[in-house]
Structure formats: C-alpha cells, structure tokens
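S.K.: Residue numbers (UniProt numbering): 1 to 182. Each residue gets a CB set at the ideal place from its N, CA and C atoms; glycine is no exception.
1) How far does the alpha helix (DSSP H) with residue 51 in it extend, from its first residue to its last?
2) Between which residues of its own chain and residue 85 is the CB-CB distance below 8 angstroms, once the five residues before and five after are set aside?
3) Can at least three beta-carbon pairs, one atom from the segment 110 to 122 and one from the segment 49 to 65, be found at a separation below 8 angstroms?
4) Which of the three DSSP states, helix, strand or coil, is assigned to residue 139?
5) For residue 142 versus residue 82, is the C-beta spacing smaller than 9 angstroms?
6) Looking at the structure shown, is residue 148 part of a helix, part of a strand, or coil, going by DSSP?
7) For residue 117, report the span of its alpha helix (DSSP H) as first-last.
8) For residue 126, does the three-state DSSP call read helix, strand or coil?
9) Grab the span of the alpha helix (DSSP H) containing residue 25 for me, first residue to last.
10) Just the Cα atoms here: how many angstroms apart are residue 175 and residue 120?
11) In this structure, does DSSP put residue 68 in helix, strand or coil?
12) What does the alpha-carbon distance come out to for the pair residue 150 and residue 157?
13) So what's residue 93 in DSSP terms, helix, strand or just coil?
14) Between residue 97 and residue 25, what straight-line distance do the alpha-carbon atoms span, to the nearest angstrom?
15) From residue 17 to residue 173, what distance separates their C-alpha atoms?
16) Relative to the alpha-carbon of residue 73, which residue among 117, 138, 178 has its alpha-carbon at the smallest distance?
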C-alpha cells in the first residue's frame with residue numbers, strides 16, 4: 001500500500017496560490033487543490049476548513065508577502081515600505097490580488113499586516129479612534145491603485161510611480177493634520 005502524501009496548511013496554500021496565479025480564482029476548488037496534492041478533498045478540511053478557508057489562506061499569503069518594516073523607522077517609511085510591497089505583490093499575482101479588495105483579513109497571520117499599519121499610524125500621532133477609519137481609507141486606495149496597476153491600467157510605470165509618490169506626499173501632510181485635530 002503506497003504511503004499517503006504528507007500535507008499541511010503551508011503546502012495547501014502554496015498549491016492554492018499556484019492554481020489561482022495560473023488559472024484565476026474561479027479555478028480554486030477543494031478538488032483542484034486536492035488533486036494537485038495527490039489527496040482526497042476531505043484531507044484538506046482538517047487544515048483549511050472549506051473553500052472559504054482556502055480563500056482566507058490566499059489573503060493570508062498575499063499579505064504575508066509584505067515587508068515587516070523596522071519599528072524604529074519613521075511612520076512614513078513604514079507605510080511606504082508596506083505600500084511598495086503591496087504594489088509588488090499585485091504585479092506578482094495579478095490574477096489573485098483583487099481578492100484583497102473583496103475579502104477581509106481573517107486569519108491571525110493576515111491580521112498582522114493591518115496591525116503594522118495601525119502601529120505606524122499610532123507613531124504618527126493619530127488618535128486611536130481614527131486609526132481604523134484612516135487605515136480603511138488608505139488600504140482601499142493602495143489596494144485599488146495596485147490592482148489597477150497590475151491589471152494594466154497604467155502603461156507607463158514611471159508615471160504610475162510618480163502618481164503614487166504624489167499620493168504619499170499628500171498623506172505625509174494629511175496624517176499629521178489629522179493627528180493635530182484631536
């Protein structure tokens with residue numbers, strides 16, 4: 001009797017991301033992932049739950065690719081590095097990246113990225129009650145810009161970089177103003 005393949009959450013998410021990158025999110029099914037791993041779909045349930053767990057895992061993977069900036073760097077540098085990381089992730093995974101606009105971060109690993117943004121805003125002096133709102137606004141902008149860029153909306157990379165740099169300049173003025181209002 002042949003040995004059963006060993007699988008774990010990491011292997012399942014690796015294969016899920018490969019399928020989504022190659023064939024799009026609609027190709028991600030429990031059966032497709034199980035077939036690639038040489039197991040039955042039931043073998044996946046212990047590690048990821050169901051298809052929603054696979055999708056949550058993809059969000060985790062995409063956010064997990066983000067740099068974890070040095071906490072000693074300025075809040076501007078922390079946010080810049082995170083935004084640049086999201087833009088790079090969008091370029092690497094254009095078929096999957098839109099998932100970050102459609103699904104909330106749900107796993108502890110995925111939530112770690114948001115916590116880093118919250119820390120940067122706290123470092124900027126934003127009042128605690130404003131941080132979630134500003135994070136949603138900023139994240140929606142960065143994710144939308146990165147998805148548009150990866151989807152081919154911007155044909156001139158230098159112009160896209162200049163537009164993004166301008167947005168960062170605006171934020172560098174706006175965030176301290178918000179912090180000073182309280």
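M.R.: Quick answer:
1) 51 to 64
2) 65, 66, 67
3) yes
4) helix
5) yes
6) helix
7) 108 to 123
8) coil
9) No alpha helix (DSSP H) contains residue 25, which DSSP labels as neither H nor E.
10) 11 angstroms
11) coil
12) 11 angstroms
13) coil
14) 10 angstroms
15) 38 angstroms
16) 117
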